[in-house]
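Let me begin by presenting the structure, written as structure tokens, before commenting on it.
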Amino acid sequence: DAKTTQPTSMDCAEGRAANLPCNHSTISGNEYVYWYRQIHSQGPQYIIHGLKNNETNEMASLIITEDRKSSTLILPHATLRDTAVYYCIVRAPYSGGGADGLTFGKGTHLIIQP
Amino acid sequence: DVKVTQSSRYLVKRTGEKVFLECVQDMDHENMFWYRQDPGLGLRLIYFSYDVKMKEKGDIPEGYSVSREKKERFSLILESASTNQTSMYLCASSWRQPTSTDTQYFGPGTRLTVL
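Protein chains in written order, with our numbering: chain X, 1 to 114; chain A, 1001 to 1115.
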């Protein structure tokens, strides 16, 4: 799986949009971009994923650049409960093989300020 | 919504005890995973199961075993707990469909302390 680079930490004011960047310059053509987050002492939570088109769900929007070398996760109206570590990963589609565990990098610690 | 539940949020055991951690998912997922997460070491895969009674070792299976007797349930067993198995244990599940994305859904985690 391709490597990703994220800022170590970011602050955002409550109620504003939080924009979390991720660089994945070595991404392969069939690899998806996934975002997960982990609130302190809880299990990771899936947020969104995409291949090349922008995606939106009830939690967030994912903007992928045309060359697919970077992406941005957008939380449109951040709340205090969005304070968490956000992980960007890239993965190929499931190939029918064996164990394929997730590996998270260090992620971005997003702190929402009141 | 996908729901993955784990039997305990916090557990304290003594060295040498046998420990059972249970995970249940309600989405009919074929794949189930057990990870441990430690500061500075990130997420590490212990065992994986892709079907009932099927299992595969992950990156760090030593000291652990697993059981999958029913599709929705995947158990992690520490035969003789040791202090270096103090950790956060995370269960996850996903669909098993070739060429599909394999989004993994996680449980809330069990923080195990071995004294």
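We treat Cβ as the ideally placed atom computed from N, Cα and C, and that holds for glycine. None of these values were measured; they are calculated from a predicted model.
Within the region 1050 to 1080 of chain A, those residues whose Cβ lies closer than 8 Å to any Cβ of chain X are, in chain order, Tyr1050, Glu1056, Lys1057, Gly1058 and Asp1059. Taking 8 Å as the cut-off, the beta carbon of Thr1110(A) is found no closer than this to the beta carbon of Gln1037(A). Assignment of beta-bridge partners to Trp1034(A) by DSSP yields Tyr1047(A) and Cys1091(A). If you check the CB distance, Leu1115(A) and Arg1014(A) come in under 8 Å.
Within 10 angstroms of the beta-carbon of Leu62(X) lie 16 or more other beta-carbons, which makes it buried. Residues are counted here when their Cβ sits less than 8 Å from a Cβ of chain X; for the region 1008 to 1036 of chain A these are Phe1033 and Tyr1035, given in chain order.
Cβ-Cβ distances below 6 Å link Leu1043(A) to Tyr1035 and Gln1037 in the same chain, with the five nearest sequence neighbours on each side left out; the list follows chain order. Between the alpha carbons of Glu1069(A) and Asp1102(A) lies a distance of about 23 Å. An exposed status is given to Leu1041(A), since fewer than 16 other beta-carbon atoms sit within 10 Å of its beta-carbon. Among the residues of the region 1101 to 1115 of chain A, those with a Cβ less than 8 Å away from any Cβ of chain X are Thr1101, Asp1102, Thr1103, Gln1104, Tyr1105, Phe1106, Gly1107, Pro1108, Gly1109 and Arg1111, in the order of the chain. Here DSSP, grouped into helix, strand and coil, assigns Gln113(X) to strand. Contact annotation: Leu1090(A) and Phe1074(A) have beta-carbon atoms that are not nearer than 8 Å.
For His49(X), the C-beta contacts it makes with chain A under 8 Å involve Thr1101 and Thr1103, in order along the chain. With contact defined as three or more Cβ pairs closer than 8 Å, the region 16 to 33 of chain X and the region 1015 to 1025 of chain A are not in contact. Listed as beta-bridge partners of Val1004(A) by DSSP are Gln1025(A). Under the 8 Å criterion on CB atoms, Pro76(X) is classed as non-interfacial with respect to chain A. Residue burial is scored here from C-beta neighbours: His24(X) has at least 16 other C-beta atoms within 10 angstroms and is therefore classed as buried.
Between Asn57(X) and Ile48(X), the C-beta spacing is below 8 Å. The closest CA to that of Ala78(X), considering only Tyr94(X), Ser9(X) and Gln113(X), is found on Gln113(X).
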